[in-house]
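**Q** So that we are looking at the same thing, I have put the structure below in structure tokens.
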Amino acid sequence: MDSESIDVVLEVCGLRTEEDTEKRQRTVSRQHISRGTKVLSTVPLYAFPLRTNEGGNEQEETEAVPVGTRCMYCFGQLPARRPRCSQCRQAQYCSTQCLSQHWIQRHHSECRALDYAAIDSAAGRLKPAYRPLLRMAAGLTQALVSGEQRGQIQAWRQLVDHRDQHPAYVLRQYSEVASVLSTHAKAIGLPPINKDATVTMLCRAGCNNFMAPVIEDNVLRTSGVVCSPLLSLLFNHSCRPNCIISFENGCLSLRAVGDIEAGQELTIAYIDAMLPRTERRERLENVYFFSCICAKCSDTDCGRVDRLMDRESSQPPKQLSADFTQPPEVESWASCAIELLIDCIVGTITSTQVEKEDICAISGLLSREMSFSAFCYWRERQDESQTSNDENARLWACVASQHVLAFYIFNYPPFHPILGLQCLTTAALSWNALVACHPIESQIKALGLARSHITALAHAARSMLQVFSPHCSTIDAQIALLLSQLDQVSDSQAIRVIE
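Numbering (the working numbering), first residue to last: 2 to 500.
Quick look at the structure:
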């Protein structure tokens with residue numbers, strides 16, 4: 002598909018673009034799209050896995066270039082025995098299948114042109130935070146010179162670089178990278194480098210690239226950097242998107258997380274929608290150079306919740322304490338939000354109804370109960386208490402996970418993978434609390450520990466995660482094991498007998 006023109010891609014995918022006075026253009030569907038549909042899948046113009054300690058905060062010292070620990074094709078973790086490309090001996094893979102697929106997809110062109118050892122040598126002259134920029138600049142230069150991906154290159158030429166809006170310190174970083182690339186261009190296998198053009202290329206890539214998301218250890222992690230101009234050009238940002246980006250089989254794919262009607266715009270999130278509105282606006286304006294006017298940033302139901310989340314409060318929620326000896330409890334608004342989500346997943350109510358009911362559930366809450374700082378507090382309690390063997394700590398982990406899930410429900414659309422992962426975490430921690438603590442009957446109901454409730458969470462997790470990654474065997478196995486364990490124990494068996 003990437004060798005086709007943009008018009009052909011739109012036609013094949015049942016999409017069309019429209020002019021938009023505020024966004025320049027938007028992409029809408031020409032037909033109904035069902036939730037979970039893979040709308041579009043593209044081979045990136047260039048992509049590479051991230052390495053440990055590279056691409057983070059700027060570091061003054063120059064460290065040794067770390068060895069790659071991820072597969073060059075799927076970005077998964079490399080095993081102890083890893084196949085290598087027989088030609089360059091540099092590209093490493095988690096399996097021979099990934100090696101073969103990457104060769105067919107892109108590596109046949111990159112391998113003949115680029116010397117990966119020379120790229121690593123050049124990267125060693127830069128600060129660790131700058132090294133991914135060098136890899137991107139080298140790879141993009143080679144991809145544009147080869148001209149193989151017609152659709153991606155056509156889209157690349159239409160992207161805006163916003164060079165005049167980039168801060169001076171960013172332009173200095175790009176200039177340093179361009180200088181190193183120019184010096185080592187011949188050794189790397191590139192034609193002579195125009196430094197100024199390379200700075201402009203990095204500006205364009207910096208505000209249009211994607212971070213490849215993968216599920217590892219039940220967490221959605223960033224595994225690599227992907228340049229897919231087609232997706233960047235066609236799909237606008239929304240803090241409440243109806244589509245998500247997934248990285249699978251070396252391709253960047255667009256999946257619908259909700260039903261999309263004909264004529265409706267398809268949107269994705271460029272940044273984490275969980276961030277407070279003030280921080281989201283700052284990041285979008287500083288990195289992507291626009292102001293967001295989506296439903297979440299406007300005067301809508303989800304916008305009202307978003308304003309509440311943006312409030313700052315130095316005080317933690319009233320019931321939380323660092324003392325695990327105190328019995329925890331689940332706030333009624335959190336329980337209500339979780340029940341509404343489960344009803345939405347099984348199709349009893351719509352996502353619009355969930356938003357309206359959620360607004361009612363939190364009406365009257367103190368500002369410190371519904372704020373980003375409150376969310377951070379609950380998440381910290383979940384993380385620090387789930388590893389403890391203390392009975393009260395297990396109960397706290399279960400309660401904290403339910404509050405984290407409730408906050409996610411208010412900030413992500415139903416069927417978002419982060420909601421699915423948190424549902425699985427909550428189900429697992431609730432099960433652990435049920436079998437390890439043997440709570441009394443009143444606690445089972447108050448803390449959401451009923452077997453039927455945990456089962457519903459596990460099924461909801463499966464439904465949501467299948468939208469993002471339909472063939473994730475690791476997640477499927479975890480959920481299947483949890484459901485089988487739940488089938489073997491009744492609520493009455495788990496209840497502590499009171500003398």
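Even for Gly, the Cβ is constructed at its ideal location relative to N, Cα and C.
Here the structure is a predicted model, which means the values were calculated and not measured.
1) R52: which of V13, D384 and V226 sits nearest, CA to CA?
2) Taking CB distances under 8 angstroms as the criterion, tell me whether A206 reaches chain C.
3) From what residue to what residue does the alpha helix (DSSP H) around I261 run?
4) Would you give the residue range spanned by the beta strand (DSSP E) that I245 belongs to?
5) So for T28, helix, strand or coil by DSSP?
6) Expressed to the nearest angstrom, what Euclidean distance is found between the alpha-carbon atoms of D21 and E385?
7) Using three-state DSSP, classify Q78 as helix, strand or coil.
8) To which residues does DSSP link D21 through a beta bridge?
9) Any idea what DSSP makes of L221, helix, strand or coil?
10) By Cβ distance, which residues of its chain are closer than 7 angstroms to L366, with the 5 residues on each side in sequence left out?
11) Please give me, in chain order, every unbroken run of the alpha helix (DSSP H) with length at least 4 that falls completely inside the segment 130–201.
12) Suppose you measure from the CA of G259 to the CA of K446; what does that come to, to the nearest Å?
13) Taking its Cβ as the centre, do 16 or more other Cβ atoms sit within 10 Å of E59, making it buried, or is it exposed?
14) What residue does the beta strand (DSSP E) around P50 start on, and which one ends it?
15) On the DSSP bridge assignment, give the partners of R85 in chain order.
16) From what residue to what residue does the alpha helix (DSSP H) around T279 run?
17) R107 and L160: beta carbons closer than 8 angstroms?
18) Please identify the residue among A428, P168, F211 and A138 whose C-alpha is closest to the C-alpha of G190.
19) Going by other Cβ atoms of all chains shown within 10 Å of its Cβ, with 16 needed for buried, is S364 buried or exposed?
20) Over what stretch of residues does the alpha helix (DSSP H) that includes S374 continue unbroken?
21) Checking 8 angstroms against the spacing of the C-beta atoms, do L221 and I419 come in under that value?
22) What residue from L182, A198 and P129 has the CA that sits closest to D162's CA?
23) Spell out a yes or no on whether the segment 259–269 and the segment 107–121 are touching, meaning 3 or more CB-CB pairs, one atom from each, closer than 8 angstroms.
24) Kindly list the residues whose CB is nearer than 6 angstroms to the CB of D309, restricted to its own chain and excluding five residues on each side of it in sequence; keep chain order.
**A** The short version:
1) The residue with the shortest Cα to Cα distance from R52 is V226.
2) No chain C is present in this structure, which holds just one protein chain.
3) Here I261 belongs to no alpha helix (DSSP H), and DSSP marks it neither H nor E.
4) C244 to E249
5) strand
6) 47 angstroms
7) strand
8) R25
9) strand
10) W334
11) 132–147, 151–159 and 169–189
12) 31 angstroms
13) In this prediction, E59 scores a pLDDT of 49, lower than 50, which makes its location untrustworthy; the coordinate-derived value is nonetheless stated afterwards. The residue is exposed, with fewer than 16 neighbouring Cβ atoms inside 10 Å.
14) Y47 to P50
15) Q93
16) R278 to R284
17) Contact: no.
18) A138
19) exposed
20) F373 to S386
21) yes
22) A198
23) no
24) The residue asked about is misnamed: residue 309 is Leu in this sequence, not Asp. Within the same chain, L309 has close Cβ partners M371.
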